Structures are given as C-alpha cells and as structure tokens.
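See below:
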C-alpha cells in the first residue's frame, strides 16, 4: 500500500492541484462534505449577484442619459454603450455585452426608429455572439424628445417604458416586476 501511494505521489501525470487523502473512511466523508458545502455557498453567492443590464443608447443621448442610468443602477449592474476608442473594440464590447447581460434596455431618445429597429435585430442575433439563454427582459425606454413617430411606436419584441415627458421612476415598475419574476 505504501509503495502504491508513493508511486502516485511521484507520478508526473498527477496534477499539482490533486489532493491525496490518507485517512479513515469517516474522515474522508467529512472532507468531501466540507468541499461540497463550500461549492454550494459559492453557488449561492453567485446567484445573489446583481443582474447585469446593458443600457444601449445613441451617442447623441450621452449627456441626457444620467437620470435613467442612476435610477437603474439601484437595481442592476448597469453597463452603458461606449463610443470612444477603436471601432473594432467598441463592436467587441457591444457583442460581449449582448452575450453576457441578463437584461437589455434600449434608450429611444435622439436615435431614429431605424436605429432602434437595428438594435432590436442585434438582440435577435446575440446567439451568434455565443448567447445561450434568452434575455431576462428587454425594454425600450421611449425618452424625449417626444415625436409623433415615438408616440405611435409599437413592438412585440420588447416592453415599452414611456418617458416622453421626462424621467418618471414609477413607470419602470412593470419592467422591474418582469425582471424579478424571471
């Protein structure tokens, strides 16, 4: 038995992170139980993390997005659109956020309806970026300036949150309920 144990310790195929436990069966059970319990605690802490929201907006809205971003930060880890840097880096950042975010909110402010529809199509293509699950929620924040096109805008692809008259936190309640339920 000692020769066998010694040969295992010296075997180059055994990884350095491998533990060789020389103990009674009861002690072995205790060690296994402790390690499994530790994994369960790590899993719980991962499950209680804040959900990540990708807040997509047009460059023209960079100066006006603050009230919504700050409000949403109370409920989510908010990742905002990026506009500075190399175009390839910006695109990679966008695709990574589409792949990893739990929730997406598109700020429909200064951007056109064509821009908005393009962003909705990108959400559908997110599986091509490696996304394996559907988003927990997708919302469209209809923000100032108010236009006839925005007032008439409808879609089945996302939940609409009307904010045409400015920031109103109460209007987010249905959206937040959907996120919490999911």
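Numbering (the working numbering), first residue to last: 92 to 273.
Backbone N, C-alpha and C define an ideal beta-carbon position, used for all residues, glycine too.
Predicted model, so just to flag it, every value in this text is computed and none were measured.
Would you identify the three-state DSSP class for residue 192, choosing helix, strand or coil? Looking up residue 192 in the chain shown gives position 101. Looking at residue 192 - three-state DSSP - the assignment turns out to be coil, as it is neither helix nor strand.
Taking Cβ to Cβ, would you say residue 145 is nearer than 7 Å to residue 190? Stepping through the chain shown from its first residue, residue 145 is reached at position 54. Stepping through the chain shown from its first residue, residue 190 is reached at position 99. Going by C-beta atoms, residue 145 is not nearer than 7 Å to residue 190.
So does the stretch 201-218 actually touch the stretch 227-247, counting three or more Cβ pairs closer than 8 Å? yes
Relative to the C-alpha of residue 246, which candidate in 260, 229, 269, 258 has its C-alpha closest? Mapped onto the chain shown, residue 246 falls at position 155. It is 229 whose Cα lies nearest to the Cα of residue 246.
Euclidean distance between Cα positions of residue 173 and residue 234: Within the chain shown, the letter at position 82 stands for residue 173. Within the chain shown, the letter at position 143 stands for residue 234. About 19 Å.
Return the CA-CA distance between residue 225 and residue 273, expressed in angstroms with no decimal places. In the chain shown, the residue the question calls residue 225 occupies position 134. In the chain shown, the residue the question calls residue 273 occupies position 182. Each residue's Cα considered, the two are about 11 Å apart.
Mind the definition here: the stretch 208-216 touches the stretch 151-164 only if three or more C-beta pairs lie below 8 Å; say whether that holds. no
With distances taken from CA atoms, which of 198, 123, 151, 98 is nearest residue 252? Stepping through the chain shown from its first residue, residue 252 is reached at position 161. Considering only alpha carbons, the answer is 198.
Distance between residue 127 and residue 250 (C-alpha atoms, nearest Å): Taking the chain shown and counting its residues from 1, the one referred to as residue 250 is at position 159. Taking the chain shown and counting its residues from 1, the one referred to as residue 127 is at position 36. Annotation: residue 250 to residue 127 spans about 41 Å, alpha carbon to alpha carbon.
Residue from 185, 142, 158, 248 whose Cα sits closest to the Cα of residue 267: Position 176 of the chain shown, counted from the first residue, corresponds to residue 267. Measuring C-alpha to C-alpha distances from residue 267 to each of 185, 142, 158, 248 identifies 142 as the nearest.
Out of 261, 200, 96, point me to the one whose CA is closest to residue 157's CA. Taking the chain shown and counting its residues from 1, one reaches residue 157 at position 66. The shortest C-alpha separation from residue 157 is found at 200.
What does the alpha-carbon distance come out to for the pair residue 182 and residue 208? As a first step, residue 182 must be located in the chain shown, where it is residue number 91. As a first step, residue 208 must be located in the chain shown, where it is residue number 117. Computed Cα separation, rounded: 18 Å.
Could you tell me the distance, in whole angstroms, from the CA atom of residue 237 to the CA atom of residue 218? Along the chain shown, one-based indexing puts residue 237 at 146. Along the chain shown, one-based indexing puts residue 218 at 127. Computed Cα separation, rounded: 33 Å.
Pairwise C-alpha distance: residue 120 and residue 99: Taking the chain shown and counting its residues from 1, one reaches residue 99 at position 8. Taking the chain shown and counting its residues from 1, one reaches residue 120 at position 29. In a straight line, the C-alpha of residue 99 is about 21 Å away from that of residue 120.
Whole-angstrom distance between residue 94 and residue 101, CA atom to CA atom: The residue you call residue 101 lines up with position 10 of the chain shown. The residue you call residue 94 lines up with position 3 of the chain shown. Each residue's Cα considered, the two are about 11 Å apart.
Hey, would you say residue 270 sits closer than 7 Å to residue 194, going by beta carbons? Residue 270 sits at position 179 when you count from the first residue of the chain shown. Residue 194 sits at position 103 when you count from the first residue of the chain shown. Going by C-beta atoms, residue 270 is nearer than 7 Å to residue 194.
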